[in-house]
Amino acid sequence: MTKAILFDLDGTLLPMDTNMFVENYVKELAPKVAHIISPDEFVKALFAGTEAMMRNLDPEKTNEKVFEETFLELTTLTREEIWPTLNDFYENTFPSFSHMCAPTPLARIVVEEAINQGYRVAVATNPVFPKAAIYHRLKWANIDDLPFDLVTVYEQSSFTKPHPQYYQAICDQIGFDPKECIMIGNDKQEDMAASQTGMKTYLVEGCVIDRGEPVFPIDDSGSLEDLYESIKNNEGMFQK
Numbered sequence: 297m298t299k300a301i302l303f304d305l306d307g308t309l310l311p312m313d314t315n316m317f318v319e320n321y322v323k324e325l326a327p328k329v330a331h332i333i334s335p336d337e338f339v340k341a342l343f344a345g346t347e348a349m350m351r352n353l354d355p356e357k358t359n360e361k362v363f364e365e366t367f368l369e370l371t372t373l374t375r376e377e378i379w380p381t382l383n384d385f386y387e388n389t390f391p392s393f394s395h396m397c398a399p400t401p402l403a404r405i406v407v408e409e410a411i412n413q414g415y416r417v418a419v420a421t422n423p424v425f426p427k428a429a430i431y432h433r434l435k436w437a438n439i440d441d442l443p444f445d446l447v448t449v450y451e452q453s454s455f456t457k458p459h460p461q462y463y464q465a466i467c468d469q470i471g472f473d474p475k476e477c478i479m480i481g482n483d484k485q486e487d488m489a490a491s492q493t494g495m496k497t498y499l500v501e502g503c504v505i506d507r508g509e510p511v512f513p514i515d516d517s518g519s520l521e522d523l524y525e526s527i528k529n530n531e532g533m534f535q536k
């Protein structure tokens, strides 16, 4: 019996072109640190730090720590020299990126219905961003005030998608077996990888990302409207 639902954010509850969003994010961030480090050197270190987070399987290190170690080693900067500028960017500039998304009222309707049906709910967004950036995106989706059991952020997570360890860690934190959970997302590789833990999966159509390989099982699919109806009417995987 399903007891918990994990929702991806970008492209699922918050419709967007993820690649275009990331390109704009980097384009806006690099000049903000130009007085500290050359934009080209910064971007290289930024991507290297992100790749290090994506590879990390050490449960003793948070993604933030992994990023920090890689980034600072490559740039030879100290945290004190650049982190205040990065924090200011996420607090004051990042919110202006909301125009690159297409928020839908269905996001809140779907999550509220899941809560009303008695499911425990978590936001399983890839934790390669600071908490501030993730909560800005929750606000754009108009779901930042909902009672989530967990929101994965890079300060508190030690794994990333598509590693099964990421999904298992969420289940451990909210107290359920993966077989009691459903992962809902738009990415055929990163989100549907939850199936490796025994979790059921639901692919949200509209902003689907598919790199071709690997191929993971998809138990059901449909639009956010379809998802809402399934949860509301206890259909398919949501049958009680």
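What the sequence shown shows, in the numbering used here, is residues 297 to 536, in sequence order. The beta-carbon is built from N, C-alpha and C at its ideal position, and this holds for glycine as well. These numbers were taken from a predicted model, which means no experiment stands behind them.
Should Glu-270 be labelled buried (16 or more other beta-carbon atoms within 10 Å of its own) or exposed? Any question about residue 270 goes unanswered here, given that the chain covers just 297 to 536.
Could you pull the start and end residues of the alpha helix (DSSP H) that Arg-433 belongs to? Per DSSP, Arg-433 belongs to the alpha helix (DSSP H) from 427-436.
State the Cα-Cα distance for the pair His-331 and Glu-360, rounded to the nearest angstrom. Going by C-alpha positions, His-331 is about 23 angstroms away from Glu-360.
DSSP bridge partner residues for Phe-472 (one or two, in chain order): Partner(s): none; Phe-472 has no beta bridge.
Distance, Cα to Cα, Ile-317 vs Leu-382? One point to set straight first is that residue 317 is Phe, not Ile, in the sequence displayed. Cα atoms of Phe-317 and Leu-382: separation of roughly 18 angstroms, rounded to the nearest angstrom.
Identify the residues that DSSP records as bridge partners of Lys-496: which are they? The partner list for Lys-496 (beta bridge, DSSP) reads Ile-478.
Mind reading off the beta-carbon distance from Met-533 to Asp-516? Whole number of angstroms is fine, and I expect it under 8 angstroms. Sure, about 6 angstroms apart at Cβ, within 8 angstroms.
Rounded C-alpha distance that separates Thr-513 from His-459: Here residue 513 is Pro; the residue named in the question, Thr, does not match the sequence. A direct Cα-to-Cα measurement between Pro-513 and His-459 gives close to 15 angstroms.
Would the stretch 493-512 and the stretch 305-325 be scored as touching if the rule is three or more Cβ pairs under 8 angstroms? Three or more pairs of CB atoms, one per stretch, sit closer than 8 angstroms, so the stretch 493-512 contacts the stretch 305-325.
Under three-state DSSP, which class holds Ile-505? Of the three classes helix, strand and coil, the one that applies to Ile-505 here is strand, per DSSP.
C-alpha distance - Cys-397 paired with Gln-485, whole-angstrom precision: Roughly 22 angstroms separates the two Cα atoms.
Under a three-way DSSP split, which group does Ser-517 fall into? In the structure shown, Ser-517 adopts extended strand secondary structure according to DSSP, grouped into three states.
My guess is that Thr-374 and Phe-363 are in contact by the Cβ rule of under 8 angstroms, so how many angstroms apart are they, rounded? Contact doesn't hold; Cβ gap of about 15 angstroms is too wide.
Does the stretch 467-479 come close enough to the stretch 429-443 to have 3 or more Cβ pairs within less than 8 angstroms? Contact between the stretch 467-479 and the stretch 429-443 is absent: fewer than 3 CB-CB pairs across the two stretches fall below 8 angstroms.
Taking the continuous alpha helix (DSSP H) assigned at Phe-534, which residues delimit it? Per DSSP, Phe-534 lies in no alpha helix (DSSP H) segment and is marked neither H nor E.
So what does DSSP say about Met-297, is it helix, strand or coil? In the three-state reduction of the DSSP assignment, Met-297 falls in the coil class, being assigned neither a helical nor a strand state.
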